[in-house]
Amino acid sequence: MTSSVMNNPDKVLTANRESTATHDAWSRVAPLAICYFFVSSIVKLINSFIYLIPLLAINFSSIKAHPLKALFVVALILTLMFISSVLKYLYYFYMLTNDEIKIKQGVVKKSFIDLPFNKIQNVKIIQPFYYRPFNYACVELETAGSATSEAKIIALPYQQAIKLKEQILHLSESGNSTPDVTNEMAVSDNVFELNSRSISDLIVHGVTNNRVWIFLGFLAPFYKPIIEISERSLESFAINLSDFFDVTVLGLSNVIINFIVVFMIVIATFSLFSVLATIIMFKGYRLLRIKDRYVRECGLFTKHEISLKHSRVQMLIQKQSYLDKLFKRYNFIYRQVSTTRHSNDAGAASSTSKLLVPSITLAQSNALLDDCFNAESLNQISYRRISKRYIFRLMLLVIVPICAVLQALVYFKQPDQWLQYSVHFVCLLLPFLVILRWYRWGYNFSKSHVYIRKGFIGETKLIFPLAKIQQLQESQSYFMKKAKLTNVQFVLASGTNSLVYIPQMGFEKIKQRVLQTMITDKPKWM
Amino acid sequence: MTQITNNNVDLVLFDEDEPEFKSISKKYLNIKLAGYFIIAILASTIFSVFHFDLIFSLPSEDNHYPLWIYLIVISLIVFLIIYYVFAVPRMQYAIKEFDIHYKYGVFYRKTISQPLLRVQHVEIKQGLLERKYQIASLLIYSAGTGIHTLQIPGLEYKTASHLRQFILNHNDLKRDE
Chain Y
15 MTSSVMNNPD KVLTANREST ATHDAWSRVA PLAICYFFVS SIVKLINSFI
65 YLIPLLAINF SSIKAHPLKA LFVVALILTL MFISSVLKYL YYFYMLTNDE
115 IKIKQGVVKK SFIDLPFNKI QNVKIIQPFY YRPFNYACVE LETAGSATSE
165 AKIIALPYQQ AIKLKEQILH LSESGNSTPD VTNEMAVSDN VFELNSRSIS
215 DLIVHGVTNN RVWIFLGFLA PFYKPIIEIS ERSLESFAIN LSDFFDVTVL
265 GLSNVIINFI VVFMIVIATF SLFSVLATII MFKGYRLLRI KDRYVRECGL
315 FTKHEISLKH SRVQMLIQKQ SYLDKLFKRY NFIYRQVSTT RHSNDAGAAS
365 STSKLLVPSI TLAQSNALLD DCFNAESLNQ ISYRRISKRY IFRLMLLVIV
415 PICAVLQALV YFKQPDQWLQ YSVHFVCLLL PFLVILRWYR WGYNFSKSHV
465 YIRKGFIGET KLIFPLAKIQ QLQESQSYFM KKAKLTNVQF VLASGTNSLV
515 YIPQMGFEKI KQRVLQTMIT DKPKWM
Chain E
132 MTQITNNNVD LVLFDEDEPE FKSISKKYLN IKLAGYFIIA ILASTIFSVF
182 HFDLIFSLPS EDNHYPLWIY LIVISLIVFL IIYYVFAVPR MQYAIKEFDI
232 HYKYGVFYRK TISQPLLRVQ HVEIKQGLLE RKYQIASLLI YSAGTGIHTL
282 QIPGLEYKTA SHLRQFILNH NDLKRDE
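Residue numbers (this note's numbering), protein chains in the order written: chain Y, 15 to 540; chain E, 132 to 308.
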């Protein structure tokens, strides 16, 4: 059987296609799909759990009193979800023809998806952990159009999924309906591994990209009530927290030390969770380049494989937060047009609008830049600063009013000492941040690309080709016109990038270049 | 005698005009004024109903809320009217062979330049009042986004229609992207 596949590859594939075509019937996926529906319902339940928590809190005492009843309710919910999963499986049909995929699904609300292969831009292969022992996968198809933007074949044998992906991608690449068979040999000729992330890289990423830092910052006004709540809960363990912070007994230096220790314990705990989450998302991370496509594989339990066509890359972003600076690492992002409407955060393994390469070194970043865009490296080019007037405007229009309001509140409301000090600290910090922001904001233009640098303490650099620009916007106030400065926005399909207070002449030149390029070269935006 | 020429060749002869901006229709201001006037009348009637306890009466003892809300609404409307009186004459558009430009704004003058190559499709939108005055808005959708990226309001319906046809028939749009 295998030898005949090697010798007559076209025949096997056409035979498969013919068999589904002659059946001309809708096929069901493997019963394993019930697992898929069940797990998705559980995930949805957990997501809405946030809203159920108050309900549980109110009824907690009655739950404790009747454990059996509570268990019964839980069992009932799970059974209902199981039944609905079975129903969803029974009502899910698909049909693969030569050049399109049709999906018919839905128990109550039926939906029909008709997706021609040549419209498909992205193929994602996702292997949830419960599919892996059986070698099955879920295939997600995305288009750039707005009509049917997404289709999911929820369970296919892994090998068939791979073949389907190759078939679709070949079709959209060459417009040719007879795909080359990709056996192991042919693939490796064109495969080039661009990057891979080891566990230590992922640990660094988990530590430096902890969203918790921001979260802790927002919690600042609430430290006191939080401390009170934790005090009360620790009392049940016979630990009196205020003893640790009693200045009269311990002395100021000891209290400060205790505070730092507690703080670090908290941070370490959160970092641990963040590292675990990163490893779960990105274990075994590999970034490959296959001909004109970028392919990224990663995942500990659920394996994600995403394909991104090179021509779809709109922008490259190199980010370095202040924590990344400590480790001398950068986060590299391939930004493309987002095809689906649901929100994807940059770290999500299944997101395609932002392909993240986590915590790489400068040399690796330069290599990726070089591979993608034929342009001067982001890191070697010199960036022109925006005008100092930006500081002036931001201070006058934003910072001074905010500080005035804050100071007035402090004066009239007379809150606790620590809150007063925080307000004063913030009022001192804001101008400093403004100056820092101005310092970081820079730009440059080349014949074919735009370079922008921005940030506060960390630094973000981005590059995009002139050809990807959809629209140019500029805005000037009366004063800016006199100073011959302008605010500018580059509108791309993936988002808008702006520059403020740059010389008008400079922008005029780049605008001319962009508009002329559109006329003479007529570059494709995808 | 065979004639042989060996002249200089202009490789790219780029002959370009500065964009010629035309104002949108003055009727747009009338539409805006009429619209705000209607809202003002509506607000006044609601206010008088509550303030003078005509049909409904407020349960609370504090009878100043309607007055404050009404004053805020009226001052907002007055501000918007004054704004549009200055803004509408400054709304201008320019159509060139390969791009379309739109200038607007009072405090911050904004210019949008949209190459026609990147336009996906064009729509014409008319509100109720606009239909009466035969004014329309042109909505231009550029590639890759679901919402319109450029809106030129206050065009005569004929102008909007011609612009739409010009863009749709444009060669650049026929390119397979």
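Where a beta carbon is used, it is the ideal one built from N, C-alpha and C, also for glycine.
Would you identify the three-state DSSP class for residue i, choosing helix, strand or coil?
i	result
K179(Y)	helix
E151(E)	coil
K256(E)	strand
D338(Y)	helix
V122(Y)	coil
T136(E)	coil
G236(E)	coil
Y308(Y)	strand
T318(Y)	According to the sequence provided, residue 318(Y) is His. The question's Thr does not apply to it. Strand, per DSSP.
Y224(E)	strand
F297(E)	helix
M329(Y)	strand
N268(Y)	helix
I533(Y)	helix
Y344(Y)	strand
M540(Y)	coil
G166(E)	helix
L329(E)	No statement about residue 329(E) is possible, as the shown extent of chain E runs from 132 to 308 and does not include it.
I281(Y)	helix
F426(Y)	helix
R246(Y)	helix
F504(Y)	strand
A79(Y)	helix
R211(Y)	coil
Is the CB of residue i under 9 Å away from at least one CB in chain Y?
i	result
D146(E)	no
D230(E)	yes
P246(E)	yes
T280(E)	yes
G236(E)	yes
S273(E)	yes
K241(E)	yes
R221(E)	no
R249(E)	yes
Would residue i count as contacting chain E if we go by Cβ distances under 9 Å?
i	result
V505(Y)	yes
I533(Y)	yes
L450(Y)	no
I347(Y)	no
L410(Y)	no
V528(Y)	yes
M329(Y)	no
W539(Y)	yes
K525(Y)	yes
K536(Y)	yes
Going by beta-carbon coordinates alone, are residue i and residue j separated by less than 9 Å?
i	j	result
L382(Y)	L506(Y)	no
V219(E)	Y288(E)	no
L281(E)	I226(E)	no
I97(Y)	I167(Y)	no
A9(Y)	I140(Y)	In the structure displayed, chain Y extends from 15 to 540; residue 9(Y) sits before or after that span and is not available.
L14(Y)	F446(Y)	Any answer about residue 14(Y) is impossible in this case: the structure gives chain Y only from 15 up to 540.
N136(Y)	E156(Y)	yes
Q350(Y)	R343(Y)	no
Y10(Y)	P142(Y)	The requested residue 10(Y) does not occur in the structure, where chain Y is confined to residues 15 to 540.
L330(Y)	V309(Y)	no
R407(Y)	L480(Y)	no
L420(Y)	V440(Y)	yes
Would you list the residues sitting across from residue i in a DSSP beta bridge?
i	result
V205(Y)	I304(Y)
K475(Y)	Q332(Y), R467(Y)
K138(Y)	E154(Y), I320(Y)
E390(Y)	Answer by DSSP bridge pairing: none, since E390(Y) is not bridged.
L499(Y)	P517(Y)
N223(Y)	In the DSSP output, where bridge partners are listed per residue, N223(Y) has none listed.
Report the residues of the segment 474-498 of chain Y with a CB closer than 7 Å to any CB of chain E, ordered along the chain. Q484, Q485, L486, Q487, E488, S489, Q490, S491
Relative to chain Y, which residues along the segment 149-178 of chain E have a C-beta separation below 7 Å, given in chain order? none
Using a Cβ-Cβ cutoff of 8 Å, what residues of the segment 126-138 of chain Y are near chain E? List them in chain order. none
Taking any Cβ of chain E, which residues in the segment 509-521 of chain Y have a Cβ under 9 Å from it, in chain order? none
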